[in-house]
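A short worksheet on the structure shown next.
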Amino acid sequence: MNIEHYRQLEEKIMGITYVQGKITKIIKPGIYHFIIRKLLKGERHIQGLLETQLQNIEQTAKVLNTINHSSRTQLAEIIKDYDRNLKELYEYSRQEEELDIELYNLKIAQNKLSETKNQNKFLIKNKKMNLERTISEKTHIQNNLREYIKAKEEEESIIALEEKYQRRTLHWSESFQNKLQLIYSHLQRTRNLAETLSEGNNAKNLLSDSIGVLNLYVANAVRNFTQGIIINPDDHNVLIPPETDVTPQTYLLEAEDELIR
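If you're matching positions, the sequence shown starts at 104 in this note's numbering and goes up one per residue.
Structure representation (structure tokens):
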């Protein structure tokens, strides 16, 4: 139902009211007396007029009843449509309210989700920073451990080299002492032999010269041996410097040759 239909229905109702008013004005006690007088006087045309008016009244009444019934029917339909529209409007309003509530809850959920995402980003960032710091510290510890192991290996290598040097030095020292003892033993035997077999000053002078030569060789050997020991960095072998290139055995052989001469 639109506004135009309501307006037309209102005009019909007003028209019915208007017709009813006209009928009420026509049907008055005076007209009945007029009709009766005319009938009594024998005026037949009055009777025809009355019949015509009566027919018109009956038709008007029928039309009025039809209009009233139609109006009541249309009015009932209008009320029914109004009730249906009102219910639909109420249902729409209720659904709209439910949608507003759902939209409000959705906004709250979105805000919570955004807050949770921000918190997760912050936690992930902190965990990443802590992991990077841990990795850095672990790398630093590994580097320190490598340096410590390297220093330890170098220290052990130096200690092993010192022990090797000490062992070789001790070996050469013992060997040299043995050779010196052997040289002095030969000197003692030579001195005893010279004292027993010596004849004259020439033999004594020769023996003294031989002893002097031997002492000189022994002194040079001790000095060169004690000051000339070096460490070869390639094979760590104990060597005699190239300028001397002699051993205690060399001095011993030279001394024996000199005694023989």
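Note that beta-carbon positions come from the ideal geometry of N, C-alpha and C, so glycine has one too.
- [ ] Alpha carbon to alpha carbon, how far is K220 from L226? Give it in angstroms, no decimals.
- [x] 10 Å
Task: K241 burial status per 10 Å Cβ neighbour count (16 or more: buried) - done: exposed
Open item on the list: For A212 and E199, I'd like the C-alpha separation in whole angstroms.
Closed with: In a straight line, the C-alpha of A212 is about 20 Å away from that of E199.
Open item on the list: If I measure Cβ to Cβ from M232 and keep anything under 8 Å in the same chain, skipping five residues before and after, which residues do I get?
Closed with: none
Task: Straight-line gap, E258 to K267 (C-alpha atoms, nearest Å) - done: CA-to-CA, the gap between E258 and K267 works out to about 14 Å.
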